[in-house]
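The sequence shown runs 1 to 816 under full-length UniProt numbering.
Here the structure comes first, spelled out in structure tokens, and everything after it is commentary.
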Amino acid sequence: IVQVLEVKEFIPCIFSSGIKEDRISTINILLSTLKTKVVHNKNITKTQKVRFFTGQLLNHIASLYSWNGITDVNPEDVKVSAEEAGKTMVRELVHNFLMDLCCSLKHGINFYDASLGTFGRGGNLTLLHFLLGLKTAADDELVADLVVNILRVCPDLLNKYFKEVTFSFIPRAKSTWLNNIKLLNKIYEAQPEISRAFQTREFIPLPRLLAMVMVTTVPLVCNKSMFTQALNLDSTSVRHTALSLISVVLKRALKTVDHCLNKEVWQESGVYTAVMMEEFVQLFREALSKILPDLNTIVWVWQSLKKQETKPDDKKGKKGSDGPPAACEARQCDDAETILLKAVLLQVICLYQKVVPHVVTQYNFDFSKLLKGIISEQGLREEVPPILQHHMLKVALELPASKFLWLKAQEGPDAEIIGGERSVFYLLMKMFVTSSHLQLKSSTKLLIMKILQDTGVFEHTWKELELWLEHLENTVEENRETVIQFLERILLTLVANPYSYTDKASDFVQEASTLQATMTKQEADDMSIPISHIDDVLDMVDVLVEGSEGLDEEIGFTLNEDMILLTFPFSAVVPAALEARNKLLLGTDSEAAENVVTYLTAVLTDLLHTQRDPLALCLLLQAYDKLEPPCPVPCCHQLSRFNRYYSLWIPEQAREAWLLQAQGSPSPPALPSASSFTALLQAAYESQALRDKHIQAQLQASMPRLPMQQVLRAAKQVLLYLRSTIENFGQLGRSVGPPLLQLFLDLLRRLVVHCEQLDAQNQQRCEAARAEADLFLDMESVASLELANDQTLEEVLVAVLRHPTLEGWFLALEQA
């Protein structure tokens, strides 16, 4: 066989003498003979095969992809013509032969270069010339598959191939360029996500290692100039293709970054250390930033799309709007191509932050301006698809808070908010209340909480923010605007000047501790923490606002959960809100005042129920209730009833007469026949009707309707009542006290069981959503998947079992 092969031009003449027009049976005999007798022959060395299968011969064989000869076999599929079936058969024959010859390390003519072509070796010139001769790779799926697989097995040819290939990668709004980029994407999608360079057992200097990793990360033809040119072209398809390619590059780079920063990978490595890999990531990121387009170019694309949207509106405004409003709105909607372009653009911005964060840090731009195309002062723009809203929120959650002017009114910090352009934070709250998608609503809520946490004002009280947002969502629609404006005003005020409000909150914590200490020394020791410790911790508030680190070392002790609950029982937004409420009550807008009082009363009632020791909050509420409006306000009844309720936790000697009480003492609250568990429990506790069997039955019947997000709050409310009952046990007597304690303990048990049942249902929904993950995953399914991370059951158990009252009186734990 070897002698036959070495006969000059024998086999090449066969393939170059009109084989494209030959019979299928002849081609089949030729290819199968070569495959079995040469390619799979163990007695023929790889060197001999390389010498025999020259680039020219391989190109002759590849010409069979466009075979147009005689069909002399019967097609299996009778629905297809004999001619088409014959072409398909020959194409598959030649494809399988070339795949075996060019892509098999065992039988083929390819060999592996561990340096990935970075050591300056010549490489496999036969395969390189063959690849360069495959001119139809961008248009023919099978030829493209062959090119992709050859370069997958021989990544050392990647840079040489793109350096010499005749395909043009200069951006143009033509199908040829789009097809070339499509081939480029296929080639790199086939490369391993983590470079094989990391698998070497020999140490490679980091600069050379970087060059090897870059071979399979970024195509040689991709550079800053090429990307910028593509994004500057006024073509949606070209921009989308360029951004998609950037996204592919960044996703591959992110895999590399995560791999290098995974310390567990390098603990057992005898070649590189975790510190070396951190240095490598720095070099890798710098190299990528030199290739990727500037963020300014990407943001410009977004802004140019917004300008294109507003131009038609301007023209319509000049001509006059004769058409119906619905028709005008329909014309403003983006087409599918533009929506996808915007989505991938936002995705790329997120990836920039993950892969090259220094580029984002150095770029001076207020990213909150991007939100203007998603939400307006009326709420979510209906024409904006959920996928864009979702990606915009991901950008906001991913990028540093310093890149957004969330809490600054656009017309300046000293200007009146009413009548001017709203802050972006206001727009986010509008988005939160108007969104109809669970996932979007959840992401918006996370973003709002992240923004406020990043201010440093809510260092230990950020969970309280959920209460403010939940009740904002539950506010009736016609009152929401008033409440949102109120919240915006107090939060802007608080963030601009946090110290006066944090000082006020800490003053009342200290006052409550002093009051308890003066009542009974023993009671103070059991129910509170030493005043000296409170003084030390309260000194930290100013430092916390500034976001300082290393506080444990400076103060000398660590803040545990119990210390936090007693030292920071509520946030500084409470005094800020009460101060703003009083200004409204003293003003002329009685309707706005009533809406705000309704909202605040609901929030503060729930906040009271979450307190482990409510005295500080109650003293603060009492202090702000010392006002006398110029005339009776419609919400006086609400204020009076709430004053009566929270006064239950203020010692008799500390209670002060309320100025509005003279207008009429409110009657005891009527017990609703059908209400939520928490409202029914509160009304029964206020009216001392908890021993009524009918009320107890109502409580038990309402518990199954309690949603998961309210179970923890309900448990804390029961714990608060349990604590108060034990404190006042001597006044209740043996006939009243024990049955009440038994009721509260039974309610806690039922709440835990109910929470466990809800948790099991969530897990089932999560499994069902995960089973459908291979199909199109809609936003609601994503929300279902997130239920798997719900920690409510664990939080309820911790709140109950670690409560000091239960620990000391019922779990018989010894106090240190």
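Just so it is clear, CB atoms sit at the ideal spot from N, CA and C, and this is done for glycine as well.
Remember, it's a predicted structure, so these values are computed and weren't measured experimentally.
### Query
In three-state DSSP terms, what is residue 70?
strand
### Task
Return the CA-CA distance between residue 699 and residue 718, expressed in angstroms with no decimal places.
12 Å
### Query
If we ignore side chains and look at the alpha-carbon of each, how far apart do residue 358 and residue 343 end up?
23 Å
### Query
My guess is that residue 341 and residue 393 are in contact by the Cβ rule of under 8 Å, so how many angstroms apart are they, rounded?
Incorrect: roughly 18 Å between the Cβ atoms, too far for contact.
### Query
Looking at C-alpha atoms only, which residue of 644, 803, 744, 103 is the closest neighbour of residue 619?
644
### Task
Can you tell me which of the three DSSP states residue 581 falls into?
helix
### Query
Which one of 279, 169, 609 has the shortest CA to CA distance from residue 679?
609
### Query
Helix or strand or just coil, what does DSSP make of residue 172?
coil
### Message
8 Å is my cut-off, CB to CB: does residue 13 come that close to chain C?
### Response
This model lacks chain C altogether, as it is built from one protein chain only.
### Task
Go ahead and pull the three-state DSSP assignment for residue 655.
coil
### Message
I'd like to know whether the C-beta atoms of residue 152 and residue 190 end up nearer to each other than 8 Å.
### Response
yes
### Query
Can you check whether the CB of residue 798 is closer than 8 Å to the CB of residue 755?
no
### Same chain, Cβ closer than 8 Å to residue 704, five either side skipped, listed in chain order
754
### Query
Considering only C-alpha positions, which residue in the set 38, 635, 26, 480 is nearest to residue 64?
26
### Query
From this set, 81, 173, 88, 97, which residue's C-alpha is nearest residue 33's C-alpha?
97
### Message
On a Cα-Cα basis, can you pick out the residue from 744, 582, 675 that is closest to residue 726?
### Response
744
### Sequence-distant residues of its chain with Cβ nearer than 7 Å to residue 564 (five each side left out)
460
### Query
If we ignore side chains and look at the alpha-carbon of each, how far apart do residue 529 and residue 364 end up?
Any answer about residue 529 is weak, because its pLDDT of 43 lies below 50 and its placement is not dependable; what the coordinates show is given next. One C-alpha to the other measures close to 47 Å.
### Query
What are the complete alpha helix (DSSP H) segments, minimum 4 residues, inside the stretch 109-184?
125-133, 141-153, 158-164
### Query
Quick one, which of 348, 124, 512, 491 has its alpha-carbon nearest residue 396's?
348
### Query
Beta carbon of residue 614, beta carbon of residue 501: below 8 Å?
no
### Integer-rounded CB distance, given that residue 130 should sit under 8 Å from residue 59
6 Å
### Separation of residue 306 from residue 389, as counted between CA atoms
15 Å
### Query
In angstroms, rounded to a whole number, what distance separates the CA positions of residue 262 and residue 218?
22 Å
### Task
Write down the C-beta distance between residue 495 and residue 455 rounded to the nearest angstrom, noting that I regard them as a contact closer than 8 Å.
5 Å
### Query
Are the Cβ atoms of residue 266 and residue 273 separated by less than 8 Å?
yes
### Message
Using the three-state DSSP reduction, which class does residue 23 fall into: helix, strand or coil?
### Response
strand
### Message
For residue 279, which residues in the same chain have their Cβ closer than 8 Å to its Cβ, ignoring the five residues on either side in sequence?
### Response
206
### Cβ contact (3+ pairs, closer than 8 Å) linking the stretch 80-88 and the stretch 163-170
no
### Task
Consult DSSP for residue 432 and reduce its assignment to one of helix, strand or coil.
helix
### Outcome for residue 123 when other beta-carbon atoms lying within 10 angstroms are tallied against a minimum of 16
buried
### Query
According to DSSP, is residue 804 helix, strand or coil?
helix
### Cutoff 7 Å; reference residue 28; Cβ partners in own chain excluding five residues on either side
93
### Message
In whole angstroms, give me the CA-to-CA distance for residue 701 and residue 695.
### Response
10 Å
#### Entry: C-beta contact flag for residue 233 and residue 239 at 8 Å
yes
### Query
If you draw a straight line from the C-alpha of residue 682 to the C-alpha of residue 748, how long is it?
15 Å
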